[in-house]
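Asks: Residue numbers (my numbering): 155 to 373.
Quick reminder that beta carbons are idealized off the backbone N, C-alpha and C, glycines included.
The structure under discussion is supplied below as structure tokens; questions concerning it will follow.
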């Protein structure tokens with residue numbers, strides 16, 4: 155991860171909102187032989203007793219389940235819209251082009267939960283993606299006992315206590331005002347991801363250029 159101060163998002167509320175908006179996390183670790191394993195699963199964030207927790211569920215007896223049983227160190231990566239940024243849009247175009255994106259990395263220790271924890275995670279997951287509709291046929295509490303008993307034998311819930319939370323919101327913060335606005339205008343004419351990045355940049359523009367710490371790179 156780029157460890158550059160001007161690409162960091164310092165507002166905790168913004169980071170939480172980002173995770174909530176992009177819950178399908180790339181969750182990775184290593185097994186006892188240091189072989190990397192990974193899966194992509196919906197993960198939810200919450201604060202409990204001054205601890206920052208991530209919860210989700212995965213299939214049992216898979217490579218990542220077996221790996222986390224032996225090595226609980228976990229990394230969850232939450233990603234948002236991303237897009238190519240052409241240097242031809244800079245006030246000085248004789249430079250390398252780049253990529254703008256937003257990403258949150260959460261590192262911590264994973265532990266597997268029991269049946270009660272699994273029920274809570276499944277209920278939370280189904281209600282979240284059904285927009286809180288408790289009458290939905292796919293909400294956990296509306297599923298048959300026979301179905302849920304078979305389902306719960308095949309999956310396991312987990313909780314990760316976050317020990318380190320880091321961010322990269324790389325949105326051309328290092329560019330001069332002219333370049334920044336050119337980038338926004340060109341991205342607005344791009345695809346859905348490009349337009350989303352442009353929207354995020356426009357929201358940050360006034361604060362960025364009024365900051366006493368702002369230093370533009372023109373070369």
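Quick test of your reading: residue 337 and residue 243, contact by CB under 8 Å. State the CB separation rounded to the nearest angstrom.
Replies: Mapped onto the chain shown, residue 337 falls at position 183. Mapped onto the chain shown, residue 243 falls at position 89. Residue 337 to residue 243, Cβ: 5 Å. Contact.
Asks: Name, in chain order, the residues that DSSP records as bridge partners for residue 335.
Replies: Counting from one through the chain shown, the residue named residue 335 turns up at place 181. According to DSSP, residue 335 bridges with nothing at all.
Asks: Would you give the residue range spanned by the alpha helix (DSSP H) that residue 285 belongs to?
Replies: Indexing the chain shown from 1 puts residue 285 at position 131. From DSSP, residue 285 is part of no alpha helix (DSSP H); its letter is neither H nor E.
Asks: Do residue 323 and residue 163 have their CB atoms nearer than 8 Å?
Replies: On the chain shown, residue 323 is found 169 positions in, with the first residue counted as 1. On the chain shown, residue 163 is found 9 positions in, with the first residue counted as 1. Cβ distance < 8 Å, so residue 323 and residue 163 count as in contact.
Asks: If I measure Cβ to Cβ from residue 222 and keep anything under 6 Å in the same chain, skipping five residues before and after, which residues do I get?
Replies: On the chain shown, position 68 is the one that residue 222 refers to. 183 and 264.
Asks: Mark residue 303 as exposed unless 16 or more other C-beta atoms lie within 10 angstroms of its C-beta, in which case mark it buried.
Replies: The count along the chain shown starts at 1 and reaches residue 303 at position 149. With fewer than 16 other Cβ atoms within 10 Å, it is exposed.
Asks: Tell me which same chain residues have a C-beta within less than 6 Å of the C-beta of residue 200, skipping the five on either side of it?
Replies: If you number the chain shown from 1, residue 200 lands on position 46. Closer than 6 Å at Cβ, skipping near neighbours: 207.
Asks: Quick check: what's the CA-CA separation for residue 188 versus residue 226?
Replies: Here residue 188 refers to the residue found at position 34 when the chain shown is read from its first residue. Here residue 226 refers to the residue found at position 72 when the chain shown is read from its first residue. The alpha-carbon atoms of residue 188 and residue 226 are separated by roughly 12 Å.
Asks: Could you tell me whether the segment 320-334 touches the segment 272-287, where touching means 3 or more Cβ pairs closer than 8 Å?
Replies: The segment 320-334 vs the segment 272-287: no contact.
Asks: At which residues does the alpha helix (DSSP H) containing residue 172 begin and terminate?
Replies: Against the chain shown, residue 172 aligns to sequence position 18. 166-175 is the extent of the alpha helix (DSSP H) around residue 172.
Asks: Considering only the alpha carbon of each residue, which of 197, 266 and 236 lies closest to residue 224?
Replies: The residue labelled residue 224 in the question sits at position 70 within the chain shown. The shortest C-alpha separation from residue 224 is found at 266.
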